[in-house]
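Chains V and A, in that order, are what the protein sequence lines are.
Mapping to this note's numbering: the first sequence position 116 is 116, numbers consecutive.
Each number in this note's numbering corresponds to the 1-based position in the second sequence with 246 added.
Notes to accompany the following structure.
Number of protein chains: 2
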Amino acid sequence: MSDIVTAGILVIGDEILSGRTKDKNIGFIAEYLTNIGIDLKEVRIVADDEADIVAALDALRSRYTYVFTTGGIGPTHDDITADSVAKAFGVPIDHHPEVVARFKERFQGAGELNEARLRMARIPEGAELIQSATILAPGFKIGNVIVMAGVPSIMQAMMDIVAPKLKSGVRMLSESVRANSREGDIGGPLREIANAHPDTIIGSYPFMDEDKKPNTNLVVRSRDPEKLNAAMNAVKEMLAGLKIAR
Amino acid sequence: MSDIVTAGILVIGDEILSGRTKDKNIGFIAEYLTNIGIDLKEVRIVADDEADIVAALDALRSRYTYVFTTGGIGPTHDDITADSVAKAFGVPIDHHPEVVARFKERFQGAGELNEARLRMARIPEGAELIQSATILAPGFKIGNVIVMAGVPSIMQAMMDIVAPKLKSGVRMLSESVRANSREGDIGGPLREIANAHPDTIIGSYPFMDEDKKPNTNLVVRSRDPEKLNAAMNAVKEMLAGLKIAR
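Given below as structure tokens:
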């Protein structure tokens with residue numbers, strides 16, 4: 001188990017960039033990775049364009065332990081993820097015999113196993129399949145890149161299959177407290193606490209509470225439970241002090 | 247009016263990458279830009295880290311007509327967007343007199359206009375403010391970069407203020423049709439139509455319909471209404487042909 005395992009996400013699809021489809025995968029994967037001790041460091045969304053996909057993939061895979069892609073592995077002409085990944089890795093891509101065999105079992109009607117569907121069996125050389133009985137078009141893992149479907153339910157099934165095979169780091173722990181204060185009232189003391197607790201990450205998130213008053217959630221994160229506690233105690237003392245001062 | 251106006255989005259915030267907060271801004275801005283004739287080409291999400299913000303900002307602002315950022319303009323230590331933007335542009339940043347004057351009117355209680363709140367008045371030199379009576383911390387536009395809040399309601403108000411000032415291109419037109427077919431059944435003929443109509447973008451989006459059957463939405467996009475019509479007619483003829491063949 002390494003100390004820090006990092007990840008990037010690459011979402012592929014014109015439909016996300018046009019606003020037609022609202023992405024639901026980033027939030028899911030982000031939370032999933034946090035829970036298994038992998039730090040998500042960056043997300044990119046690009047169009048169905050080979051050059052854009054390859055450039056983003058190369059930037060992310062050289063920088064992070066893992067890259068998760070979603071989208072572009074279906075049977076139509078705009079599904080170019082597998083080919084783009086093969087190009088990025090400089091490996092050939094062809095119909096994977098195991099996937100073709102499964103498709104032959106599954107599609108038995110006349111013309112059902114057509115060229116479009118066979119396209120979903122195209123897998124870059126050396127990739128490991130991500131599949132199950134309920135997944136039609138498989139995802140795959142090649143090097144540190146995990147290629148998944150764009151349809152949320154299928155992507156989620158693929159995450160469950162691939163997650164146990166990943167290195168995971170020391171999990172980032174997190175605790176939050178509702179400040180019952182406006183962010184601007186606590187910004188000063190909070191900065192001092194953040195400076196005094198360098199191995200923690202302290203986040204401040206304003207929201208409108210049920211009384212329509214500006215309120216703030218404070219989140220302390222750390223890999224070290226003692227450091228997390230120390231910082232959270234300092235935050236709580238600060239908040240208690242504000243209450244007395246009022 | 248130029249023919250093609252492009253944009254990138256940069257979402258800034260640890261809370262999105264940890265999965266704690268689910269982004270609601272990308273989808274909104276994407277749809278907004280499509281409606282005003284601006285092509286969203288790329289989105290990046292990065293952490294509250296100056297080097298990461300500057301690198302992403304430089305990559306996007308050199309590549310696209312506009313860059314829209316969200317997040318990181320509040321009063322706390324983790325709000326570093328304005329400073330990072332100033333750094334990227336190589337300009338000084340200081341308290342903007344107009345914003346300070348407004349804050350002085352607004353915050354009159356003892357200690358209310360503290361250092362934390364004054365932080366929200368820090369604006370890079372040469373930037374134009376994005377503000378209104380209902381917006382506390384202003385956004386700003388510097389060069390081709392538009393800096394907005396992360397809180398969706400405030401970001402949306404800022405989009406409405408800034409949008410009329412932007413160049414807009416020839417609007418991308420879009421029409422969609424429900425195929426009542428599985429994606430794999432139409433992938434072949436659809437590719438032929440896409441090849442025969444090069445000035446259109448044809449997207450294929452599978453979904454589960456109300457009868458729990460795999461179905462597909464087909465979307466044709468083009469800036470030219472005649473080319474859009476020609477491609478959409480070809481798609482509809484293809485779908486009608488499938489129906490007869492059944």
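Even glycine gets a Cβ: it sits at the ideal position worked out from N, Cα and C.
Q.
Quick test of your reading: V/Lys-141 and V/Ala-157, contact by CB under 8 Å. State the CB separation rounded to the nearest angstrom.
A. Your numbering for residue 141 of chain V matches position 141 in the first sequence. Your numbering for residue 157 of chain V matches position 157 in the first sequence. That pair is no contact at about 15 Å.
(Q) If you follow the alpha helix (DSSP H) that V/Phe-103 is in, where does it begin and where does it stop? (A) Mapped onto the first sequence, residue 103 of chain V falls at position 103. Note, V/Phe-103: alpha helix (DSSP H), 97 to 106.
Q: Take V/Asp-39 and list the residues in its own chain whose beta-carbon comes closer than 6 Å to its own, dropping the five residues that flank it on each side.
A: Counting from one through the first sequence, the residue named residue 39 of chain V turns up at place 39. For V/Asp-39, same chain residues with a beta-carbon under 6 Å away, outside a window of 5 residues either side, are Thr-6 in chain order.
Q.
If we require 4 or more residues per run, which alpha helix (DSSP H) segments fall completely within the stretch 178 to 230 of chain V?
A. Fully enclosed alpha helix (DSSP H) runs of 4 or longer: 183 to 196.
Q. So which of A/Ala-476, A/Ser-468 and A/Ala-425 has the shortest CA-CA distance to A/Asn-461?
A. Numbered from its first residue, the second sequence carries residue 461 of chain A at position 215. Of the residues A/Ala-476, A/Ser-468 and A/Ala-425, the one whose Cα lies closest to the Cα of A/Asn-461 is A/Ala-425.
**Q.** CB contact below 8 Å: V/Gly-126 versus chain C
**A.** Here chain C cannot be found, since the structure's protein chains are V and A.
**Q.** Under 8 Å between C-beta atoms of V/His-96 and V/Leu-60
**A.** What you label residue 96 of chain V is simply residue 96 of the first sequence in a count that begins at 1. What you label residue 60 of chain V is simply residue 60 of the first sequence in a count that begins at 1. 8 Å or more divides the Cβ of V/His-96 from the Cβ of V/Leu-60.
Q. Closest Cβ-Cβ distance between A/Thr-446 and chain V: below 8 Å?
A. Indexing the second sequence from 1 puts residue 446 of chain A at position 200. No, no contact with chain V.
Q. Looking at C-alpha atoms only, which residue of A/Asn-360, A/Arg-290, A/Ala-301 and A/Val-331 is the closest neighbour of V/Glu-183?
A. The sequence position of residue 183 of chain V within the first sequence is 183, counting from 1. For V/Glu-183, the closest of A/Asn-360, A/Arg-290, A/Ala-301 and A/Val-331 by C-alpha to C-alpha distance is A/Asn-360.
Q. Of all Cβ atoms in chain A, is any one closer than 8 Å to the Cβ of V/Pro-225?
A. Here residue 225 of chain V refers to the residue found at position 225 of the first sequence. So no, V/Pro-225 is outside the interface.
Q) In three-state DSSP terms, what is V/Met-238? A) On the first sequence, position 238 is the one that residue 238 of chain V refers to. Looking at V/Met-238 - three-state DSSP - the assignment turns out to be helix.
Q. Quick one, are the C-beta atoms of A/Ala-383 and A/Met-366 less than 8 Å apart?
A. Looking up residue 383 of chain A in the second sequence gives position 137. Looking up residue 366 of chain A in the second sequence gives position 120. Yes, Cβ-Cβ distance for A/Ala-383 and A/Met-366 is below 8 Å.
Q: Measure the alpha-carbon distance for V/Met-1 versus V/Val-170 and round it to whole angstroms.
A: Stepping through the first sequence from its first residue, residue 1 of chain V is reached at position 1. Stepping through the first sequence from its first residue, residue 170 of chain V is reached at position 170. Reliability fails at V/Met-1, whose pLDDT of 46 lies under 50, so the model's placement of it is uncertain and the value that follows must be treated cautiously. Using only the alpha carbons, I get a separation of about 8 Å.
Q: For A/Ser-450, count neighbouring C-beta atoms within 10 Å of its own C-beta (all shown protein chains included) and say buried if the count is 16 or more, exposed if not.
A: Taking the first residue of the second sequence as 1, we reach residue 450 of chain A at position 204. With 16 or more Cβ atoms within 10 Å of its Cβ, A/Ser-450 is classed as buried.
Q: Report back the beta-carbon spacing between V/Gly-90 and V/Ile-80 to the nearest angstrom; my notes put them in contact at under 8 Å.
A: As a first step, residue 90 of chain V is located in the first sequence; it is residue number 90 there, counting from the start. As a first step, residue 80 of chain V is located in the first sequence; it is residue number 80 there, counting from the start. About 17 Å separates the two Cβ atoms, so there is no contact after all.
**Q.** is_contact[V/Ser-84, chain A] using C-beta, thresh 8 Å
**A.** Counting from one through the first sequence, the residue named residue 84 of chain V turns up at place 84. No - not a single Cβ of chain A is within 8 Å of the one on V/Ser-84.
Q | Segment limits, beta strand (DSSP E) that includes A/Arg-290 | A | Working through the second sequence from its first residue, we reach residue 290 of chain A at position 44. That run of the beta strand (DSSP E) goes 284 to 292.
Q. Taking C-beta to C-beta, are A/Ser-420 and A/Asn-463 nearer than 8 Å?
A. As a first step, residue 420 of chain A is located in the second sequence; it is residue number 174 there, counting from the start. As a first step, residue 463 of chain A is located in the second sequence; it is residue number 217 there, counting from the start. In this structure, A/Asn-463 does not lie closer than 8 Å to A/Ser-420 by Cβ.
Q: Using the DSSP secondary-structure output, state which residues sit across from V/Tyr-66 in a beta bridge.
A: To locate residue 66 of chain V, count along the first sequence from 1; it is residue 66. DSSP output for V/Tyr-66 lists V/Ala-7 as bridge partner(s).
Q) Using a C-beta cutoff of 8 Å, does V/Asp-211 count as contacting chain A? A) Taking the first sequence and counting its residues from 1, one reaches residue 211 of chain V at position 211. Taking Cβ atoms only, chain A never reaches closer than 8 Å to V/Asp-211, which makes this a no.
(Q) Looking at the secondary structure, which residues open and close the alpha helix (DSSP H) in which A/Ala-363 lies? (A) If you number the second sequence from 1, residue 363 of chain A lands on position 117. Sequence check: residue 363 of chain A is Arg here, not Ala. 361 to 365 is the extent of the alpha helix (DSSP H) around A/Arg-363.
Q.
My output table needs one value for A/Ser-238: the three-state DSSP class, helix, strand or coil.
A. Nothing can be reported for residue 238 of chain A, as the shown portion of chain A is limited to 247 through 492.
Q | V/Glu-31 beta carbon less than 8 Å from that of A/Gly-265 | A | By 1-based counting over the second sequence, the position of residue 265 of chain A is 19. By 1-based counting over the first sequence, the position of residue 31 of chain V is 31. Against a cut-off of 8 Å, the Cβ pair of V/Glu-31 and A/Gly-265 comes out as a contact.
Q: Could you tell me whether the stretch 291 to 300 of chain A touches the stretch 46 to 59 of chain V, using the rule of 3 or more Cβ pairs below 8 Å?
A: no
Q.
I'd like to know whether the C-beta atoms of V/Asp-94 and V/Arg-122 end up nearer to each other than 8 Å.
A. For this step, residue 94 of chain V is matched to residue 94 along the first sequence. For this step, residue 122 of chain V is matched to residue 122 along the first sequence. It is a contact, given that the beta carbons lie within the stated cut-off.
Q) Is it true that the CB of V/Ile-29 sits closer than 8 Å to the CB of V/Ile-4? A) By 1-based counting over the first sequence, the position of residue 4 of chain V is 4. By 1-based counting over the first sequence, the position of residue 29 of chain V is 29. The answer is no: Cβ separation not under 8 Å.
Q: Express the C-alpha separation of V/Val-11 and V/Val-67 in angstroms, rounding to a whole number.
A: Within the first sequence, numbered from 1, the residue matching residue 67 of chain V stands at position 67. Within the first sequence, numbered from 1, the residue matching residue 11 of chain V stands at position 11. When rounded, the distance between both Cα atoms is 10 Å.
Q | Under 8 Å between C-beta atoms of A/His-443 and A/Ala-480 | A | For the purposes of this step, residue 443 of chain A is taken as the residue at position 197 of the second sequence. For the purposes of this step, residue 480 of chain A is taken as the residue at position 234 of the second sequence. In contact: A/His-443 and A/Ala-480 (Cβ atoms closer than 8 Å).
Q. Is it a yes or a no for the stretch 349 to 357 of chain A touching the stretch 387 to 396 of chain A, going by three-plus beta-carbon pairs under 8 Å?
A. no
(Q) Can you list, in chain order, the residues of its chain with a C-beta nearer than 7 Å to that of A/Lys-333? Leave out the 5 residues immediately preceding and following it. (A) On the second sequence, position 87 is the one that residue 333 of chain A refers to. Closer than 7 Å at the Cβ level, and outside the excluded window around A/Lys-333, lie Glu-296 and Val-300.
Q: Quick one: list the residues of chain A neighbouring V/Pro-206, beta-carbon separation under 7 Å, in chain order.
A: For the purposes of this step, residue 206 of chain V is identified with residue 206 of the first sequence, where counting begins at 1. Per Cβ cutoff of 7 Å: Gly-320 and Val-397.
Q. Which class does A/Asp-340 belong to by DSSP, given the choice of helix, strand or coil?
A. For the purposes of this step, residue 340 of chain A is identified with residue 94 of the second sequence, where counting begins at 1. Note: A/Asp-340 maps to strand in three-state DSSP.
Q) Measuring CA to CA, which of V/Asp-185, V/Ala-149 and V/Pro-75 is closest to V/Phe-103? A) Numbered from its first residue, the first sequence carries residue 103 of chain V at position 103. Among V/Asp-185, V/Ala-149 and V/Pro-75, the Cα nearest to that of V/Phe-103 belongs to V/Pro-75.
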